[in-house]
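Report on one structure; see the data block that follows.
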Amino acid sequence: AQRVTQPEKLLSVFKGAPVELKCNYSYSGSPELFWYVQYSRQRLQLLLRHISRESIKGFTADLNKGETSFHLKKPFAQEEDSAMYYCALFNLQGAQKLVFGQGTRLTINP
Amino acid sequence: KAGVTQTPRYLIKTRGQQVTLSCSPISGHRSVSWYQQTPGQGLQFLFEYFSETQRNKGNFPGRFSGRQFSNSRSEMNVSTLELGDSALYLCASSLNRAGYTFGSGTRLTVV
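So the sequences go chain by chain: A and B.
Note that the working numbering has the first sequence beginning at 1, numbered continuously upward.
Note that the working numbering has the second sequence beginning at 1001, numbered continuously upward.
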């Protein structure tokens, strides 16, 4: 079954420190993976997708098929990065849909 | 351009009642998907509509239904409401699976 796992429900780092939000997936085939972010009182929005290989707001994510991971990284955290982050996989098998992880709440301390 | 619009923003209903939620997608987007977000279960897929047809369906009981109109606007209906249906219901529209744009959601509280 297709599954996305975000092992950390909460993550707290200091401003200026590196950030890594973990995401592991199970999927047979070539996955399409995304990171979504939800800032306080705002809607869920797309942060980045692996096929575009672009960096948004300083965040990058590399797909590692061997480790079935798609961790989100930023070298220097900023206070405005505090938000809820969701890793998602687009399922092409059966019902085509986004399968989300449980999310990680990132808090950046001043 | 306007984003995905969901109405109403908040709803309070009593057990046993039914409710209808509305979603207007981004202009030109023909796919509309619905998700339920709860603290315990996270984001779960309800169904997707494309060109007025239900294209995909999640694992929810038949009390949850939807439809899409010719202008791509979509409605979701929940009948015989249960306390466990209390959640944030999110609608997302897409042009293709390259990315989904989500609405602000409708927060449903069942009492």
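A virtual CB, placed ideally from N, CA and C, is assigned to each residue, including glycine.
Please read all numbers here as calculations on a predicted model, not as lab measurements.
Check	Outcome
Cβ neighbour criterion (16 or more within 10 Å) applied to E1048 (chain B)	buried
Coil, strand or helix - E32 (chain A) by DSSP	strand
Cβ contact check for the stretch 13-32 of chain A and the stretch 76-94 of chain A: 3 or more pairs under 8 Å	yes
Residue-level contact to chain A via CB, E1075 (chain B), 8 Å cutoff	no
Nearest to G103 (chain A) (by Cα), restricted to the options B:R1063, B:T1038, B:T1007, B:N1077	B:T1038
Any C-beta of chain B under 8 Å from that of K74 (chain A)	no
P18 (chain A) versus Y27 (chain A) - alpha carbon distance	29 Å
L106 (chain A) and L63 (chain A) closer than 8 Å at C-beta	no
C-alpha gap between H50 (chain A) and A61 (chain A), whole angstroms	7 Å
Any C-beta of chain A under 8 Å from that of G1028 (chain B)	no
Distance between beta carbons of L1043 (chain B) and F1060 (chain B), contact taken as under 8 Å	Incorrect: roughly 13 Å between the Cβ atoms, too far for contact.
Supposed contact pair Y1100 (chain B) and W1034 (chain B) - C-beta distance, whole angstroms, cut 8 Å	About 11 Å; that fails the 8 Å criterion.
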